[in-house]
Amino acid sequence: MALIPITPPEKAEGKLAELYASAEHFFGTVPNNVQLLGVSPTVLENQLYFAQYFMTHPTLSAPLLSMIRMLVSKACKSQYCDSFNVALLTKFGFSPEQIQGARTDPEKAPLGEKDKAMLLFVLKATDEPHAVASSDVDKLRALGWANADIFDAVAHGARAVGTNIIFDAFKIDQELA
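Per UniProt numbering: the sequence shown = residues 1 to 177.
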């Protein structure tokens, strides 16, 4: 049970009910993470906008973004987000062996060269931001990534770190299968 009260979808009113409806349209349900963020409808609205932006990103694929979130969540020891993204990767067609391989060694992530380079860069940026060098960014540019793509991917990973902290601090409940 979360440490702060959440409003279940059937009791939501006004702006929160609208945001829950939007989340249900995205996910087919109102996941626990949405309900926890709903404690602050403005924060939830911002998160849903952010999610929509990345769901329609022209160059950062959904599998790449889910892989980023899963591995960032693993590094943060966030069980909720880790499990949530494992489920998404499974829906994208990745096998349990492929997912576990990436979890054990991100270099083995089942992504193309370009996406894998971005994944590894984001993991470096979220784990050791002071270690990022211009050569790291140059490598991504050489693979065809635009500056905005590089920035967006790091912003996505950094935001995952922040949401992991929120979910873990307030003891979000795992989704029921």
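Note that CB positions come from ideal geometry on N, CA and C, so glycine has one too.
| Query | Result |
| --- | --- |
| First and last residue of the uninterrupted alpha helix (DSSP H) at Phe-92 | Careful: Phe-92 lies outside any alpha helix (DSSP H) and carries neither H nor E. |
| Stretch pair the stretch 116-128 + the stretch 25-33: three plus CB contacts closer than 8 Å | no |
| Sequence ranges, alpha helix (DSSP H) only - wholly within the stretch 17-99, length at least 4 | 32-37, 41-55, 62-75, 79-91 |
| Buried or exposed (CB count within 10 angstroms, at least 16 for buried), Gln-52 | exposed |
| Cutoff 7 Å; reference Leu-88; Cβ partners in own chain excluding five residues on either side | Ser-66 |
| Beta-carbon contacts of Val-124 that lie in its chain and below 8 Å, excluding the five residues immediately before and after | As written in the sequence, residue 124 is Lys, which differs from the Val given in the question. Around Lys-124: Ala-131, Val-132, Asp-136. |
| Contact belief for Asp-82 with Ser-95 at Cβ below 8 Å, rounded distance in angstroms | Rounded, the Cβ-Cβ distance is 17 Å, inconsistent with contact. |
| Exposure of Pro-63, with buried meaning 16 or more beta-carbon neighbours within 10 Å | buried |
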